[in-house]
Amino acid sequence: MTKKNFVSMILGTIGGILFALGMCMGLLPQWQAFEQGVAVGAVGLVVLLITVLVRRKMGGKPMLVPISGKSVGITLLAIVGTLALGVGMNLVMVWSHLVPGIIVGMLGIIILLMLIPLCKGLKD
Numbered sequence: 001m002t003k004k005n006f007v008s009m010i011l012g013t014i015g016g017i018l019f020a021l022g023m024c025m026g027l028l029p030q031w032q033a034f035e036q037g038v039a040v041g042a043v044g045l046v047v048l049l050i051t052v053l054v055r056r057k058m059g060g061k062p063m064l065v066p067i068s069g070k071s072v073g074i075t076l077l078a079i080v081g082t083l084a085l086g087v088g089m090n091l092v093m094v095w096s097h098l099v100p101g102i103i104v105g106m107l108g109i110i111i112l113l114m115l116i117p118l119c120k121g122l123k124d
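Using this note's numbering, the letters of the sequence shown correspond one by one to residues 1 to 124.
This is how it looks when you write it as structure tokens:
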């Protein structure tokens, strides 16, 4: 395992756990920790963003990617897909709307799957 992959794995795991814990803290009313959950989730997002920058730096690439219309569109599509998946999960887990939650969550997954050909392209 290369050093770049190891550092990315550690930082990604820490950021993902913090973000997931923050989401649970904020969205589960039984925990009564909404404000703390937002703070923990924000810290997790910051760690994940740092992971991207560190990985690019260790790979010999510039830390920031030039902004283009395609990158803005891909980012917006990723945000919409993630939000749809999250709303679907909330519908099922928090508000007990099983069928609408599954439908919305699956739409979010389909939107996120659309990112693969947009980012990598289709090849023979």
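We put the CB at the ideal spot given by N, CA and C, even for glycine.
By the Cβ-count criterion, T2 is exposed, with fewer than 16 other Cβ atoms from all chains shown falling within 10 Å of its own Cβ.
CA-to-CA, the gap between D124 and L113 works out to about 19 Å.
Across the structure, L85 and I109 are spaced so that their CA atoms are roughly 6 Å apart.
By the C-beta density criterion, V46 is exposed, having fewer than 16 other C-beta atoms within 10 angstroms.
The three-state secondary structure of P62, taken from DSSP, is coil. Distance check between G121 and each of V54, H97, I74 and K4 places I74 closest, using alpha-carbon atoms only. DSSP places T82 in the uninterrupted alpha helix (DSSP H) bounded by G69 to M93.
The DSSP-derived three-state label of L98 is helix. If the five residues before and after M23 are omitted, its C-beta is found closer than 6 Å to the C-beta atoms of G41, all from its own chain and listed in chain order.
The straight-line gap separating the alpha-carbon atoms of L21 and A33 is approximately 11 Å.
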